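Residue 1229 is where the sequence shown starts when you use this note's numbering, and the numbers rise one by one after that.
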Amino acid sequence: MAEALNYVSRLGIEAIAAHEHELLRYAVEGLQTIEGIRFFGQSEEKSSVVSFLVGDIHHYDMGMLLDRLGIAVRTGHHCAQPLMQRLGIEGTVRASFAFYNTKAEVETFVESVERVRKMFDK
1229 MAEALNYVSR LGIEAIAAHE HELLRYAVEG LQTIEGIRFF GQSEEKSSVV
1279 SFLVGDIHHY DMGMLLDRLG IAVRTGHHCA QPLMQRLGIE GTVRASFAFY
1329 NTKAEVETFV ESVERVRKMF DK
(Lines of atoms letter the chains of each structure in order from A and count residues from 1; the text may use other names and numbers.)
(Lines give C-alpha, C1' and ligand atoms only; values in the text may rest on other atoms or scores of the structure.)
Protein backbone atom coordinates (compact mmCIF):
# COMPACT_ATOMS: atom_id res chain seq x y z
CA MET A 1 0.00 0.00 0.00
CA ALA A 2 2.81 2.40 0.84
CA GLU A 3 4.41 1.83 -2.54
CA ALA A 4 1.11 2.53 -4.30
CA LEU A 5 0.75 5.80 -2.38
CA ASN A 6 4.31 6.76 -3.27
CA TYR A 7 3.60 6.04 -6.93
CA VAL A 8 0.47 8.20 -6.94
CA SER A 9 2.34 10.96 -5.11
CA ARG A 10 5.10 10.92 -7.73
CA LEU A 11 2.56 11.24 -10.53
CA GLY A 12 0.59 13.94 -8.75
CA ILE A 13 -3.14 13.97 -8.10
CA GLU A 14 -3.71 16.90 -10.47
CA ALA A 15 -1.88 15.14 -13.31
CA ILE A 16 -3.86 11.95 -12.69
CA ALA A 17 -7.16 13.85 -12.71
CA ALA A 18 -6.23 15.68 -15.91
CA HIS A 19 -5.24 12.44 -17.65
CA GLU A 20 -8.44 10.68 -16.61
CA HIS A 21 -10.55 13.65 -17.74
CA GLU A 22 -8.79 13.63 -21.13
CA LEU A 23 -9.42 9.89 -21.52
CA LEU A 24 -13.11 10.43 -20.76
CA ARG A 25 -13.33 13.29 -23.28
CA TYR A 26 -11.58 11.14 -25.89
CA ALA A 27 -13.90 8.18 -25.23
CA VAL A 28 -17.06 10.29 -25.48
CA GLU A 29 -15.77 11.88 -28.68
CA GLY A 30 -15.21 8.42 -30.18
CA LEU A 31 -18.47 6.95 -28.92
CA GLN A 32 -20.43 9.87 -30.40
CA THR A 33 -19.61 8.50 -33.86
CA ILE A 34 -21.52 5.28 -33.11
CA GLU A 35 -25.02 5.08 -34.54
CA GLY A 36 -27.71 4.94 -31.86
CA ILE A 37 -25.49 5.88 -28.90
CA ARG A 38 -27.24 7.46 -25.91
CA PHE A 39 -25.30 8.86 -22.98
CA PHE A 40 -26.47 9.15 -19.38
CA GLY A 41 -24.94 11.47 -16.79
CA GLN A 42 -23.02 13.86 -18.99
CA SER A 43 -21.34 16.63 -17.02
CA GLU A 44 -18.03 18.44 -17.18
CA GLU A 45 -17.57 17.96 -13.43
CA LYS A 46 -17.55 14.18 -13.10
CA SER A 47 -15.26 11.25 -12.66
CA SER A 48 -13.87 9.39 -15.65
CA VAL A 49 -16.94 7.19 -16.08
CA VAL A 50 -19.24 7.04 -19.10
CA SER A 51 -22.67 5.38 -19.03
CA PHE A 52 -24.39 4.59 -22.30
CA LEU A 53 -26.72 2.44 -24.37
CA VAL A 54 -26.51 1.67 -28.07
CA GLY A 55 -29.75 1.43 -30.03
CA ASP A 56 -31.97 -1.33 -28.72
CA ILE A 57 -29.06 -3.57 -27.69
CA HIS A 58 -29.65 -4.80 -24.15
CA HIS A 59 -26.95 -3.60 -21.78
CA TYR A 60 -26.20 -7.16 -20.66
CA ASP A 61 -25.70 -8.28 -24.28
CA MET A 62 -23.33 -5.37 -24.93
CA GLY A 63 -21.39 -6.14 -21.77
CA MET A 64 -21.12 -9.86 -22.46
CA LEU A 65 -19.92 -9.34 -26.02
CA LEU A 66 -17.45 -6.64 -25.00
CA ASP A 67 -16.13 -9.08 -22.38
CA ARG A 68 -15.55 -11.67 -25.08
CA LEU A 69 -13.54 -9.02 -26.93
CA GLY A 70 -11.43 -8.42 -23.83
CA ILE A 71 -13.14 -5.19 -22.77
CA ALA A 72 -14.20 -4.90 -19.12
CA VAL A 73 -17.32 -2.83 -18.44
CA ARG A 74 -20.09 -2.91 -15.89
CA THR A 75 -23.73 -3.35 -16.83
CA GLY A 76 -27.02 -3.05 -15.00
CA HIS A 77 -28.68 -0.52 -12.75
CA HIS A 78 -25.49 0.30 -10.79
CA CYS A 79 -27.44 0.50 -7.49
CA ALA A 80 -29.51 3.34 -8.95
CA GLN A 81 -32.86 1.67 -9.61
CA PRO A 82 -34.95 4.81 -8.91
CA LEU A 83 -32.91 6.77 -11.45
CA MET A 84 -33.20 3.99 -14.03
CA GLN A 85 -36.98 3.90 -13.51
CA ARG A 86 -37.17 7.68 -13.92
CA LEU A 87 -35.12 7.43 -17.14
CA GLY A 88 -37.35 4.60 -18.36
CA ILE A 89 -34.48 2.16 -18.82
CA GLU A 90 -33.45 -1.09 -17.15
CA GLY A 91 -29.77 -0.25 -16.95
CA THR A 92 -26.73 1.00 -18.80
CA VAL A 93 -23.26 -0.02 -19.87
CA ARG A 94 -20.63 1.79 -17.81
CA ALA A 95 -16.96 2.14 -18.67
CA SER A 96 -14.37 3.64 -16.34
CA PHE A 97 -10.95 5.03 -17.16
CA ALA A 98 -8.02 5.33 -14.78
CA PHE A 99 -4.56 6.88 -14.76
CA TYR A 100 -3.01 3.68 -16.08
CA ASN A 101 -5.21 3.58 -19.20
CA THR A 102 -4.02 4.91 -22.55
CA LYS A 103 -5.65 6.57 -25.54
CA ALA A 104 -4.87 3.41 -27.53
CA GLU A 105 -6.96 1.42 -25.04
CA VAL A 106 -9.78 3.95 -25.37
CA GLU A 107 -9.63 3.54 -29.16
CA THR A 108 -9.83 -0.25 -28.76
CA PHE A 109 -12.84 0.20 -26.47
CA VAL A 110 -14.67 2.46 -28.96
CA GLU A 111 -13.85 0.13 -31.87
CA SER A 112 -15.18 -2.81 -29.84
CA VAL A 113 -18.46 -1.04 -29.04
CA GLU A 114 -18.90 -0.35 -32.76
CA ARG A 115 -18.06 -3.97 -33.55
CA VAL A 116 -20.76 -5.18 -31.16
CA ARG A 117 -23.25 -2.68 -32.59
CA LYS A 118 -22.61 -4.10 -36.07
CA MET A 119 -23.35 -7.61 -34.79
CA PHE A 120 -26.92 -6.44 -34.16
CA ASP A 121 -27.42 -4.76 -37.55
CA LYS A 122 -30.41 -6.13 -39.40
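For glycine and all other residues, C-beta sits at the position ideal for the given N, C-alpha and C. As the structure is a prediction and not an experimental result, all values here were calculated from the model.
Residue range of the unbroken alpha helix (DSSP H) whose run includes Ser1340: Lys1331 to Met1347
Proximity below 9 Å, CB of Ala1243 to CB of Val1277: no
Under the three-state DSSP convention, the category Ala1246 falls into: helix
Closest by C-alpha distance to Ser1275, when choosing among Met1290, Ala1326, Ala1232 and Gly1283: Ala1326
Buried or exposed (CB count within 10 angstroms, at least 16 for buried), Met1229: With a 10 Å radius around the Cβ and a threshold of 16 neighbouring Cβ atoms, Met1229 comes out exposed.
Distance CB(Tyr1288)-CB(Gly1316) smaller than 9 Å: no
Buried/exposed call for His1255, threshold 16 Cβ in 10 Å: For the record, residue 1255 in the displayed sequence is Ala; it is not His. With 16 or more other Cβ atoms within 10 Å, it is buried.
Given Asp1191 as reference, the closest of Ala1300, Gly1298, Ile1265 and Glu1272 once Cα atoms are compared: Because the chain in this structure spans residues 1229 to 1350, residue 1191 falls outside the shown range and cannot be described.
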